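For reference, the structure is listed below as structure tokens.
Residue numbers (our numbering), protein chains in the order written: chain A, 15 to 307; chain B, 15 to 307.
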């Protein structure tokens, strides 16, 4: 149970967590802080948060749980700003898609409160953003990864775990490095590839017509290119080593594909496509099973 | 109105057309031919076709409309095989995603019947295949592109147009070359990129875990990688010039992305992602409007 929850960044992710915890009766008071005052007022009107705090200091003061749900790029500044105002019993966690950069920033900024910081990442979301897009069941059955450090307090991990479980999520732990490698592959790389494709096509001279003949497959493939550009710029920069490694590998694979097409090597193409289909079908089968009650 | 419709390849595309035409009362008898006898028997049991013809000759004999709905790679052989048996009043059309290769094959195979051949391509489909996946409304509000040649009979085009309109589609015409360029960008390239990504990730040593932490975005992005590998091998080979051109361009864009990440150039990343998001959001807005009644 959380007495006072401070959500910094009341968008899709922060707003959905607030809604879920309220529904679960896991929280007393919820205060919100963020850059867009209209979004925050809307969050109050929707009942997502109880009130707006206009400074970071007042938002975190006396809060026993502080959740950072802003784009990854702004977290360093926020950690520095809140450090002096955190209550002795406050636990701090975040929802960033990259854990290495945020953990480094937290270590530098939080000082003696660092053991109360639990790096976290809910594997959930849609391409939409803002509190209007938030909903209480976003985390139901989804995984939340926590990446505690050796110095992280067990009790802090336990409280963050209990929070996410109350929101309906399944909580797992892994190292910071492992998280960032795995997420680069399943999330960061696909987002960057989708942005790159849509941007390339949008800059073709006949782009209007190209999009006019796009069907459902294109729509699905490019859905993630409608995600928030600031958020993904930050993620790209924060996890660039792992992402660049994968991008180089992918570029080499494109080279192999070009070679197979140039030499009309149907066997290689079929092997590649069939292997991909089998892997994707297996992934979906597991994913669907996971979602069953 | 079609008296006898012969569908060669009774899968998602051919089966859905049969169902739609039956529902619209636009067809008398529907016969089916294909390689998988179980699939054909299932098509009869489902009422999608009236009966199975075990040879191409008997399937097309006395048919006034012949629809080729097989993978692109098999169309050349089929066109050669049916040519001697086509009725004088028969119109032949296809549903292939590539029009250049099929048109060349038809010109060589059909001889004096070539003016009765109307190259076609419904911009519709799902990642599923087989007659079980077919449904009557697949083409409702979707576009069908016809690419008639200078020698194609106007009446043949008119009959194919009427057929697709009866199935609920909007029919447009363009040149073979233009079709193949546009579709390479919106359909062929995305499919090949999705296959390449899933195949690459499936071959990583920790692939099981990678897929375990994939979320909805990954699922959408890779949906097209569950498409039929034979179909896409054929499309890749049949339209390889246009596809390779785009793949090389895409590979260069990946190079630019790597450069921006390596130099921590957040401004370039943001510009690229924001431009992509704007284009994708605009495309979806138009696409949704199109689907409204």
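Don't be surprised by glycine CBs; every beta carbon is placed ideally from N, CA and C. A quick note: this is a predicted structure, and the numbers were derived from the prediction, not measured.
Cβ-based neighbour list, residue i, same chain, cut-off 8 Å, excluding 5 preceding and 5 following
| i | result |
| --- | --- |
| residue 224/B | 215 and 218 |
| residue 179/A | 185 |
| residue 55/A | 66 |
| residue 221/A | 215 |
Supposed contact pair residue j and residue i - C-beta distance, whole angstroms, cut 8 Å
| i | j | result |
| --- | --- | --- |
| residue 241/B | residue 165/B | Rounded, the Cβ-Cβ distance is 33 Å, inconsistent with contact. |
| residue 61/A | residue 145/A | Between residue 145/A and residue 61/A the Cβ distance is about 11 Å, and since that is not below 8 Å, they are no contact. |
| residue 24/B | residue 48/B | 5 Å |
| residue 57/B | residue 46/B | 6 Å |
| residue 100/A | residue 210/B | Going by Cβ atoms, the distance from residue 100/A to residue 210/B rounds to 46 Å, so no, they are not a contact pair. |
| residue 156/B | residue 183/B | 5 Å |
| residue 81/B | residue 133/B | Contact doesn't hold; Cβ gap of about 12 Å is too wide. |
| residue 238/B | residue 234/A | 7 Å |
Boundaries (first-last residue) of the beta strand (DSSP E) holding residue i
| i | result |
| --- | --- |
| residue 7/B | No answer is possible for residue 7/B: it lies beyond the span of chain B, which begins at 15 and ends at 307. |
| residue 160/B | 157-160 |
| residue 34/A | That residue, residue 34/A, is in no beta strand (DSSP E); its alpha helix (DSSP H) goes 26-37. |
| residue 187/B | 184-187 |
| residue 22/A | 16-22 |
| residue 44/A | 41-47 |
| residue 107/B | 105-108 |
Span of the alpha helix (DSSP H) around residue i
| i | result |
| --- | --- |
| residue 163/B | Taken as a continuous stretch (DSSP letters only), residue 163/B belongs to no alpha helix (DSSP H), as it is neither H nor E. |
| residue 175/B | 168-180 |
| residue 274/B | 254-276 |
| residue 191/B | 190-197 |
| residue 233/B | 230-235 |
| residue 95/B | 89-96 |
DSSP three-state assignment for residue i, whether helix, strand or coil
| i | result |
| --- | --- |
| residue 242/B | coil |
| residue 75/A | coil |
| residue 217/A | coil |
| residue 290/B | helix |
| residue 128/B | helix |
| residue 203/B | helix |
| residue 62/A | coil |
| residue 145/A | helix |
| residue 112/A | coil |
| residue 100/A | coil |
| residue 296/A | helix |
Rounded separation between residue i and residue j - CA only
| i | j | result |
| --- | --- | --- |
| residue 293/B | residue 213/A | 7 Å |
| residue 201/A | residue 255/B | 31 Å |
| residue 269/B | residue 265/A | 8 Å |
| residue 34/B | residue 63/B | 12 Å |
| residue 175/A | residue 193/B | 53 Å |
| residue 167/A | residue 97/A | 17 Å |
| residue 291/A | residue 281/B | 36 Å |
| residue 113/B | residue 20/A | 59 Å |
| residue 305/A | residue 152/A | Any reading at residue 305/A must be qualified, since the residue scores a pLDDT of 47, below 50, and its modelled position is unreliable; the value itself is stated next. Those two C-alpha atoms are separated by around 12 Å. |
| residue 261/A | residue 277/B | 15 Å |
| residue 169/B | residue 107/B | 13 Å |
| residue 69/A | residue 78/A | 17 Å |
| residue 307/B | residue 75/A | Residue placement at residue 307/B cannot be trusted, given a pLDDT of 34 that sits under 50; the coordinates are not used to answer. |
| residue 59/B | residue 18/B | 19 Å |
| residue 52/B | residue 251/A | 53 Å |
| residue 287/A | residue 93/B | 26 Å |
| residue 149/B | residue 26/B | 8 Å |
| residue 122/A | residue 163/A | 14 Å |
| residue 171/B | residue 31/B | 17 Å |
| residue 232/B | residue 263/A | 18 Å |
| residue 118/A | residue 245/A | 19 Å |
| residue 236/A | residue 300/A | 23 Å |
| residue 196/B | residue 177/B | 24 Å |
| residue 37/A | residue 226/A | 43 Å |
| residue 296/A | residue 72/A | 49 Å |
| residue 208/A | residue 129/A | 38 Å |
| residue 102/A | residue 131/A | 12 Å |
| residue 267/B | residue 206/A | 11 Å |
Spatial neighbours of residue i in its chain, beta-carbon cut-off 6 Å, leaving aside the 5 residues before and after
| i | result |
| --- | --- |
| residue 283/A | 274 |
| residue 258/B | none |
| residue 127/B | 100 |
| residue 247/B | none |
| residue 147/B | 26 |
| residue 173/B | 105 |
Other residues of its chain near residue i: CB distance less than 7 Å, five sequence neighbours each side excluded
| i | result |
| --- | --- |
| residue 110/A | 86, 89, 116 and 135 |
| residue 188/A | 159 and 161 |
| residue 4/A | Chain A is shown from 15 up to 307; residue 4/A falls before or after that span and cannot be answered. |
Neighbour list for residue i in chain C, Cβ cutoff strictly below 7 Å
| i | result |
| --- | --- |
| residue 246/A | No chain C appears in this structure, whose protein chains are A and B. |
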